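Going from the sequence shown to this note's numbering is simple: count from 1 and add 85. Glycine residues also receive a C-beta, built at the ideal position from the N, C-alpha and C atoms. Keep in mind that this is a model prediction, so the values were computed, not measured. Before any comments, here is the structure.
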Amino acid sequence: MAEVIDEPTTNAAADAPVPALTQTERYTFVVKVADRPGTLEIIGATFAHRGVSLSATVGCDGSLDPDGRATITLHFCSTPRRKEVLRATLARLNRVLSVREVPPELVQAVALVRVAPDAGLPLTEAAVFPLPSPGREPVYRLIGTPEAVESAIRAWRTAGKLRSVSYGVLAAD
Numbered sequence: 086m087a088e089v090i091d092e093p094t095t096n097a098a099a100d101a102p103v104p105a106l107t108q109t110e111r112y113t114f115v116v117k118v119a120d121r122p123g124t125l126e127i128i129g130a131t132f133a134h135r136g137v138s139l140s141a142t143v144g145c146d147g148s149l150d151p152d153g154r155a156t157i158t159l160h161f162c163s164t165p166r167r168k169e170v171l172r173a174t175l176a177r178l179n180r181v182l183s184v185r186e187v188p189p190e191l192v193q194a195v196a197l198v199r200v201a202p203d204a205g206l207p208l209t210e211a212a213v214f215p216l217p218s219p220g221r222e223p224v225y226r227l228i229g230t231p232e233a234v235e236s237a238i239r240a241w242r243t244a245g246k247l248r249s250v251s252y253g254v255l256a257a258d
């Protein structure tokens, strides 16, 4: 017959925090590419095949570059080793002209968010600018470090006040 336990038991080994198997960090690449159809798809597949999701992508077609090159900014979380594998793999793609890692101090996030009318403003280090919005729900532009902008978005989401968000990361090349 099975023993019935009336009070909870503890197991020190089971209750110990589990160490992370891999330490991930945020990275931003600025990639110069030949402006041809399918280039972004190839780059996305390169990340997907290595198990890395892109947090944000921003592109500029070749119309602003005198040589017709497009620029794609890629923001992602990865281990340092996997980041180097991605850099080397991207550099080998025939449509990629250059891959440059941008230091965090030259990276800014921008977001447009629509929130509930009673949302208020979260405490954040990001700059928050109200935008004219025809509806009752306010729209804000947030600019700052990715951590600051994401913190504000998380605060609205956690409070159930976030209605929509469009997010991008910009980097000085």
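Item: Pair within 9 Å by beta-carbon distance, R111 and P231; Value: yes
Item: Contiguous alpha helix (DSSP H) assignments of at least 4 residues, all confined to the segment 143-209; Value: 165-177
Item: Integer-rounded CB distance, given that T156 should sit under 8 Å from V115; Value: 6 Å
Item: Nearest residue (CA-CA) to S218, options V192, I238, R199; Value: R199
Item: Secondary structure of T109, DSSP reduced to three states; Value: coil
Item: Beta-carbon spacing of V254, Q193 below 9 Å; Value: yes
Item: S249 classed as buried or exposed, judged by whether at least 16 other C-beta atoms fall within 10 angstroms; Value: exposed
Item: Residue interval of the alpha helix (DSSP H) (run including P231); Value: 231-243
Item: 9 Å Cβ cutoff met for L171 and T113; Value: no
Item: Proximal residues to I127 (C-beta, below 7 Å), its chain only, five neighbours per side dropped; Value: L178, R180
Item: Cβ-Cβ distance between D203 and K168 below 9 Å; Value: no
Item: 6 Å CB neighbourhood of L227 in its chain, flanking five on each side removed; Value: A196, A211, V213, V234, A237
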